[in-house]
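J.: What the sequence shown shows, in our numbering, is residues 2 to 172, in sequence order.
We put the beta carbon where it would ideally sit given N, CA and C, even for glycine.
As the structure is a prediction and not an experimental result, all values here were calculated from the model.
I have a structure here, written as structure tokens, and I will follow up with some questions on it.
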Amino acid sequence: MDPNGNNEYHVKLLYSNNRMIDVEATVLGRKAYLTFVYGDSVHKFREQVWERLTRYGLEKSEPWFIIGDLNEITGNHEKKRGPLRSACSFLPFNNMIRNSDLLEFPAQGNKMSWQGRKGKLMILCRLDRALANEEWQTLFPFSYTEYLGLIGFDHRPAVAFLEYKVPRRRD
């Protein structure tokens with residue numbers, strides 16, 4: 002519900018495939034874009050997702066928000082245990098974030114949103130995240146992501162709170 006108690010939202014589907022859903026919406030009286038992403042689990046196909054998101058980022062000057070299981074990390078610091086990856090393997094994802102002028106949402110909870118076993122080793126990674134451009138951050142300056150507990154799946158749910166004013170404390 003918006004601040005005026007209006008339950009009516011105008012949402013237009015712009016693009017959809019098995020990796021993303023991109024919509025245009027009216028948010029607080031402004032045109033804005035929301036993209037829900039599932040990054041390909043096959044590394045070599047992920048770059049197609051990053052290319053499309055980069056094109057979106059270059060085309061959009063309005064507020065833009067992305068959330069999802071991007072199936073990628075920005076560097077080895079977003080991983081606990083398991084083999085280290087080469088720095089160049091992170092370039093396509095980091096270039097997409099930089100070239101699209103995206104910023105990370107502040108986060109609460111355990112950011113290591115995925116866990117899985119490789120042999121006897123439990124590996125943790127930050128695969129799920131919310132990103133937005135500066136225009137979105139201006140529209141919702143008090144937004145944040147909360148990572149919930151692992152219950153029945155290998156991913157922690159990542160919930161984005163889109164706050165345009167200082168949120169009240171939750172008890």
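1) Please specify which runs of the beta strand (DSSP E), each continuous and at least 3 residues long, are wholly inside the stretch 65-119, giving them in chain order.
2) What runs of the alpha helix (DSSP H), each 4 residues or longer, lie entirely inside the stretch 126-153?
3) Would you kindly work out how many angstroms separate the C-alpha atoms of phenylalanine 94 and leucine 149, rounded to a whole number?
4) What do you get for serine 144, buried or exposed, if any count of 16 or more other CB atoms within 10 angstroms of its CB means buried?
5) Could you check whether serine 101 and leucine 71 sit closer than 8 Å to each other, using their CB atoms as the reference points?
6) Hey, out of Phe141, Arg157, Leu104, Arg118, whose CA is closest to asparagine 111's CA?
7) Can you name the residues that DSSP bridges to arginine 31?
8) Mind checking whether tyrosine 39 and glycine 69 have CB atoms under 8 Å apart?
9) Quick one: grab the DSSP three-state call for valine 50.
T.: Quick answer:
1) Qualifying beta strand (DSSP E) stretches, in chain order: 65-70, 103-105, 115-119.
2) You should have 135-140.
3) Going by the C-alpha atoms only, they are around 24 Å apart.
4) With 16 or more Cβ atoms within 10 Å of its Cβ, serine 144 is classed as buried.
5) The answer is no: Cβ separation not under 8 Å.
6) Arg157
7) Val28
8) Taking 8 Å as the Cβ cut-off, tyrosine 39 and glycine 69 qualify as a contacting pair.
9) Valine 50: helix per DSSP, three-state reduction.
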